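Residue numbers (our numbering): 6 to 302.
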Amino acid sequence: MMSKLKPQNLARFLVRFIQIIVVFPMAVLISFYIPPVSFIDYETNFLLCVVIAAILSVVITAISRKLIVATFFGFIGFIFFSSTFTSYSVDNLYSDYNAMLVNMTSSTNKVSYFKPVRGTYFQERRVKSAMQPTHPAVRSFAVENSTRYFHDEYYRKHGKVVRYFSLFKHIRLNWKYVNDPVGLDYYSPPTESISLLAGDCDDYAILMASAIMAVGGEARVVISSSHMYTEVKVGKVEDLDNIGYVVRTLFPDEVNGGKIHFHETNGELWINFDYTAHYPGGPFLEPELYSVISFNR
Numbered sequence: 006m007m008s009k010l011k012p013q014n015l016a017r018f019l020v021r022f023i024q025i026i027v028v029f030p031m032a033v034l035i036s037f038y039i040p041p042v043s044f045i046d047y048e049t050n051f052l053l054c055v056v057i058a059a060i061l062s063v064v065i066t067a068i069s070r071k072l073i074v075a076t077f078f079g080f081i082g083f084i085f086f087s088s089t090f091t092s093y094s095v096d097n098l099y100s101d102y103n104a105m106l107v108n109m110t111s112s113t114n115k116v117s118y119f120k121p122v123r124g125t126y127f128q129e130r131r132v133k134s135a136m137q138p139t140h141p142a143v144r145s146f147a148v149e150n151s152t153r154y155f156h157d158e159y160y161r162k163h164g165k166v167v168r169y170f171s172l173f174k175h176i177r178l179n180w181k182y183v184n185d186p187v188g189l190d191y192y193s194p195p196t197e198s199i200s201l202l203a204g205d206c207d208d209y210a211i212l213m214a215s216a217i218m219a220v221g222g223e224a225r226v227v228i229s230s231s232h233m234y235t236e237v238k239v240g241k242v243e244d245l246d247n248i249g250y251v252v253r254t255l256f257p258d259e260v261n262g263g264k265i266h267f268h269e270t271n272g273e274l275w276i277n278f279d280y281t282a283h284y285p286g287g288p289f290l291e292p293e294l295y296s297v298i299s300f301n302r
């Protein structure tokens with residue numbers, strides 16, 4: 006028994022343990038900093054990152070056991086440096102690894118086609134009158150919260166949709182549903198909603214659309230039989246796989262195998278930003294649509 010606890014055996018065990026441990030952060034960093042292969046899907050890309058990391062770990066160990074140990078401490082130093090001097094922390098590393106697993110096991114996207122069945126002229130006028138995307142207070146609120154949740158590396162990698170998703174997360178996490186006064190269909194202006202972060206579905210939709218537009222995005226308000234919600238333009242229909250990847254990366258726990266729900270209009274991709282959805286592109290509350298309210302840029 007004591008022979009198994011000799012220093013050389015213990016050292017060999019620790020080296021093997023480190024060899025396995027470094028695969029996970031290495032795979033995350035490979036997936037984050039190296040562009041995916043364009044002709045294979047995202048799930049296979051992530052699996053490829055894990056395989057590459059495992060091969061690198063074996064090769065480094067074969068070259069020198071000291072080198073694999075140095076690699077391990079190099080990752081520790083990188084995480085410490087990033088946590089101290091940048092916004093990338095241990096939590097970010099864990100989230101990215103969790104996102105890898107979600108992307109490897111998530112289901113495919115769901116296509117929903119936008120076909121409004123009737124118009125709501127007066128409701129449209131009221132919504133447009135309530136919108137305040139250029140108001141200084143709304144702009145300030147939107148800018149602050151569009152950078153609140155996701156570090157800059159995501160913005161550099163995925164672009165401006167990360168800002169929209171940060172706004173979605175902030176508003177949805179803090180929103181409290183409050184009914185309108187009795188006998189009155191009240192539309193709260195965003196300047197009121199940003200201080201309260203409370204109201205009903207139309208108040209939420211108007212605030213969300215105004216905030217998205219305040220940071221340069223395109224939003225529209227969709228009306229169904231008894232509901233109102235916001236949709237945000239995130240690209241073209243051919244960008245769906247990439248957008249799905251970004252959503253699953255930034256909202257891995259919320260997606261949890263779910264699908265990306267969207268509407269297509271003239272080849273443009275609009276995804277659901279409703280508070281009833283746990284993530285951007287979550288399920289629609291009501292499938293029947295009455296009309297869509299678009300806003301001039």
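Backbone N, C-alpha and C define an ideal beta-carbon position, used for all residues, glycine too.
Predicted model only: the values in this text are computed from it and were never measured.
### Query
If you pair each beta-carbon of the stretch 192–201 with each one of the stretch 152–165, do three or more pairs fall below 8 Å?
no
### Task
Grab me the residues of residue 242's own chain with a C-beta within less than 7 Å of its C-beta, minus the 5 sequence neighbours each way, in chain order.
269, 272 and 274
| Which of helix, strand or coil DSSP assigns to residue 290 | coil
Margin query: Need the endpoints of the alpha helix (DSSP H) that residue 252 sits in, please.
Written below: 245–255
Rounded straight-line distance, which links the Cα of residue 219 to that of residue 143:
7 Å
Q. How would you label residue 19, buried or exposed, when you count the other beta carbons within 10 angstroms and need 16 or more for buried?
A. exposed
- Task: Quick one: give me the first and last residue of the beta strand (DSSP E) that residue 233 is part of.
- Result: 233–241
(Q) Using DSSP's beta-bridge definition, name the partner residues of residue 182. (A) 204
Could you say which of 182, 187 and 186 lies nearest to residue 210 if we only look at CA atoms? 182
Looking only at its chain, what residues have a beta carbon closer than 6 Å to the beta carbon of residue 224, apart from the 5 residues adjacent to it on each side?
214, 217, 218, 235 and 237
Exercise. Between the Cα of residue 141 and those of 65, 199 and 34, spot the shortest distance and give me the residue it belongs to.
Key: 199
**OP:** My understanding is that residue 172 touches residue 151, with C-beta atoms under 8 Å, so please give their C-beta distance in whole angstroms.
**Re:** 5 Å
* Which residues in the same chain have their Cβ closer than 8 Å to the Cβ of residue 139, if we skip the five residues on either side of it in sequence? -> 219
Please report the residue range of the alpha helix (DSSP H) in which residue 142 lies. 141–151
In terms of residue numbering, what span does the alpha helix (DSSP H) encompassing residue 158 cover? 157–163
### Bridge partners - residue 224, DSSP secondary structure assignment
237
**Spatial distance of residue 78 from residue 293 (CA atoms)** = 56 Å
query = Closest to residue 287 by CA distance: which of 301, 298 and 257 is it?
reply = 257
Check your understanding: So what's residue 27 in DSSP terms, helix, strand or just coil?
Key -> coil
Residue 159 versus residue 33: straight-line alpha-carbon distance, rounded: 13 Å
Backbone secondary structure at residue 298 - three-state DSSP: strand
Query raised in the report: Does DSSP put residue 229 in a helix, in a strand, or in coil?
Result: strand
query = Tell me which same chain residues have a C-beta within less than 6 Å of the C-beta of residue 24, skipping the five on either side of it?
reply = 62, 66 and 73
Tell me whether residue 157 is buried or exposed, calling it buried when 16 or more other Cβ atoms sit within 10 Å of its Cβ. exposed
Can you tell which of 185, 201 and 16 has the C-alpha that lies nearest to the C-alpha of residue 179? 201
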